[in-house]
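Note that the working numbering has the sequence shown beginning at 22, numbered continuously upward.
Don't be surprised by glycine CBs; every beta carbon is placed ideally from N, CA and C.
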Amino acid sequence: ASLSGAGQIMEDEAEDELHGIVLREVENLNELVEDFLDIARPLHLRTSPTNINSIVRDVVVAFEQDRRYQGRITISASLSEVPVLDLDANRVRQVVWNLVLNAAQATPEEGQILIRVKPAGDGVQVEVEDEGVGIPPQRMSRIFDPFYTTRSGGTGLGLANVDRIVRAHEGEVVLRSQEGEGTCFTLNFPGNVESATLEPVVGLG
């Protein structure tokens with residue numbers, strides 16, 4: 022917070038490309054620390070009646086304000102009427118945000134991210150689809166492993182946390198990808214989710 026505040030003051034006082042770089046790297050560092058903390062400690066769900074459509078709307082608005090991707094990547098949402106589920110709203114928001122950010126980072130030039138929300142039995146299905154580089158078939162089986170990443174500079178923790186949080190809700194993540202054409206992550210959240218706890222990843226807790 023101190024680094025970010027000081028960098029913002031310097032940027033306001035004098036236009037310098039280096040100030041922007043400092044702020045971006047502070048943000049990257051913050052995301053890295055949060056990912057490590059999430060995967061290294063027990064995951065306790067605090068569920069309450071939640072409409073996933075509201076979460077998706079918030080994520081779309083937040084992403085549209087991210088200057089890293091403005092003018093290059095567009096995001097849209099297709100929202101169907103879905104049941105209200107007992108979910109940990111903050112954790113589900115983290116899941117959707119991580120997938121959107123992952124989609125943006127997998128799109129080297131211009132592209133679109135589409136989020137679909139629709140009912141699935143007594144639960145809800147969420148799809149996050151991009152037009153990025155896709156994932157090679159030989160890497161798909163390891164994509165949710167902690168510390169495994171296909172992106173230069175990545176930590177391999179974002180998708181591991183996505184899978185962990187969805188499983189804590191007794192749900193599942195389904196991956197579909199075509200190299201060179203894009204990737205789609207499908208999240209299946211069942212109805213009647215019980216509050217759950219997942220232990221930290223072995224070796225980190």
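CB contact flag (residue i, residue j, <8 Å)
i       : j       : result
Glu-152 : Thr-207 : no
Gly-192 : Asn-123 : no
Asp-109 : Leu-50  : no
Tyr-90  : Ala-141 : no
Asn-209 : Gly-132 : no
Whole-number beta carbon distance between residue j and residue i, since they are thought to touch under 8 Å
i       : j       : result
Trp-118 : Val-154 : Contact flag wrong, Cβ pair sits at about 20 Å.
Thr-71  : Leu-106 : 6 Å
Val-103 : Ile-76  : In fact, because the Cβ distance is near 11 Å, the residues do not count as touching under 8 Å.
Of the listed residues the options, nearest to residue i (C-alpha basis)
i       : options                            : result
Gly-201 : Ala-127, Ala-181, Arg-163          : Ala-127
Pro-211 : Ala-181, Gln-199, Gln-159, Gln-146 : Gln-146
Leu-120 : Gln-159, Leu-24, Leu-196           : Leu-196
Gly-203 : His-190, Asp-143, Gly-144, Pro-129 : Pro-129
Pro-158 : Glu-131, Ser-198, Val-194          : Ser-198
Ser-97  : Ile-164, Val-82, Asn-111, Val-43   : Val-82
Cys-205 : Glu-150, Ile-156, Phe-165, Met-161 : Glu-150
Glu-48  : Arg-188, Asn-213, Thr-68, Arg-88   : Arg-88
Contact the stretch 131 to 139 vs the stretch 184 to 202: 3+ CB pairs below 8 Å: Touching, no, given that fewer than three Cβ pairs across the two stretches are closer than 8 Å.
Alpha helix (DSSP H) runs wholly inside the stretch 117 to 195, at least 4 long, in chain order: With a minimum length of 4 residues, the continuous alpha helix (DSSP H) runs that stay inside the stretch 117 to 195 are 158 to 161, 179 to 189.
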